[in-house]
Amino acid sequence: MKILVGEDYKQMSRKAANIISAQILMKPDCVLGLATGSTPIGTYDQLVDWYNKGDLDFSKVTTINLDEYKGLEPTNDQSYRYFMNTHLFDRVNINKAYTNVPNGLEPDSVKACNEYNEIINKSGGIDLQLLGLGLNGHIGFNEPGSAFEKETHCVDLTESTIQANSRFFDSFDKVPKQAYTMGIKTIMQAKKIVVVVNGANKAQIVKDAFFGPVTPLVPASVLQLHNDVTLVGDKEALSLVLDYVK
Ligand code: GLP
Numbered sequence: 003m004k005i006l007v008g009e010d011y012k013q014m015s016r017k018a019a020n021i022i023s024a025q026i027l028m029k030p031d032c033v034l035g036l037a038t039g040s041t042p043i044g045t046y047d048q049l050v051d052w053y054n055k056g057d058l059d060f061s062k063v064t065t066i067n068l069d070e071y072k073g074l075e076p077t078n079d080q081s082y083r084y085f086m087n088t089h090l091f092d093r094v095n096i097n098k099a100y101t102n103v104p105n106g107l108e109p110d111s112v113k114a115c116n117e118y119n120e121i122i123n124k125s126g127g128i129d130l131q132l133l134g135l136g137l138n139g140h141i142g143f144n145e146p147g148s149a150f151e152k153e154t155h156c157v158d159l160t161e162s163t164i165q166a167n168s169r170f171f172d173s174f175d176k177v178p179k180q181a182y183t184m185g186i187k188t189i190m191q192a193k194k195i196v197v198v199v200n201g202a203n204k205a206q207i208v209k210d211a212f213f214g215p216v217t218p219l220v221p222a223s224v225l226q227l228h229n230d231v232t233l234v235g236d237k238e239a240l241s242l243v244l245d246y247v248k
């Protein structure tokens, strides 16, 4: 695993965006696995900046997002489709028909997940997967205890995740209790993985996930077994692992 340290959030975001832009330049029709959450926002802003300067072309890029809340329509400002449109897709020249997010409005979980697995398989595989890290070590919405061999599936969100995400909703009760998420198996099949982390509240989970035992109790720990992972963080999030970098 490679670790890149940014002085602050902006620098860390720039480092992550650099890896993504290199991927697009090397393979203009690449498949990007994308993430939501507050951490990647700066990465998307940086990519938009470079696009505006004429340095990046998204016209042939395909994107496949990690997850979506079950039951939220794409126009709901808390849906992950809405998030992606606002932070990236509406700001660059990507073909919306090439952007994929699980269908949160499909009530039949098996159907929604099978359809998404088919999209992933037909894409030819994810070239680069961007990931954030949940406070309990979740990636996508693969909560602690998730089996490593799963593909897209429907999950019951844990209390801790609902609590963490309630800051974006009017109240705890409004946070959906289920989501569709790419599984760990799907994530591990990506050719390259970039994990972004920032802030002191992520320091302990970063240490547990990347330097603790590999266990389904800390879903992100499985990334230790992938052969091309880059962890990009600010100094605060990496504070407990900086010794390992030196
Ligand atoms: C959500 C998303 C994850 C994300 C996590 C952390 O639960 N499903 O993909 O990594 O939040 O979010 P943040 O970056 O806001 O800490």
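Numbering-wise (the numbering used here), the sequence shown opens with residue 3 and increments by one. Where a beta carbon is used, it is the ideal one built from N, C-alpha and C, also for glycine.
Relative to the non-hydrogen atoms of the ligand GLP, the Cβ of Ala205 never comes closer than 8 angstroms to any of them.
For Cys156, the three-state secondary structure derived from DSSP is strand. Leu6 is bridged by DSSP to Val234. According to DSSP, Leu244 shares a beta bridge with no other residue.
Counted as a single uninterrupted DSSP element, the stretch harbouring Leu49 is not any beta strand (DSSP E) but the alpha helix (DSSP H) occupying residues Ile43 to Asn54.
The bridge partners DSSP lists for Asp69 are Thr183.
In this structure, the CA atom of Pro42 is about 22 angstroms from the CA atom of Val247. The beta carbon of Phe85 sits closer than 7 angstroms to those of Thr38, all from its chain and outside the five residues before and after it, given in chain order. The stretch 22 to 33 and the stretch 129 to 148 touch, with three or more beta-carbon pairs separated by less than 8 angstroms.
Ile121 and Lys176 have their C-alpha atoms roughly 30 angstroms apart.
Taking 8 angstroms as the upper bound for CB-CB distance, Ile186 and Asn144 are in contact here, some 5 angstroms apart.
Residue environment for Met14: buried (at least 16 other C-beta atoms within 10 angstroms of its C-beta).
Taking C-alpha positions only, Gly142 is separated from Gly106 by approximately 14 angstroms. Val197 is bridged by DSSP to Leu133 and Leu233. Taking non-hydrogen atoms of the ligand GLP into account, the C-beta of Ala37 is found less than 8 angstroms away from one of them. In this model, Gln48 and Leu219 are separated by some 33 angstroms (Cα to Cα).
In the displayed model, Asn144 falls within a strand according to three-state DSSP. Leu90: not part of any alpha helix (DSSP H); DSSP gives it neither H nor E. In this structure Val231 is in contact with Ile195, their Cβ atoms being roughly 5 angstroms apart against a cut-off of 8 angstroms.
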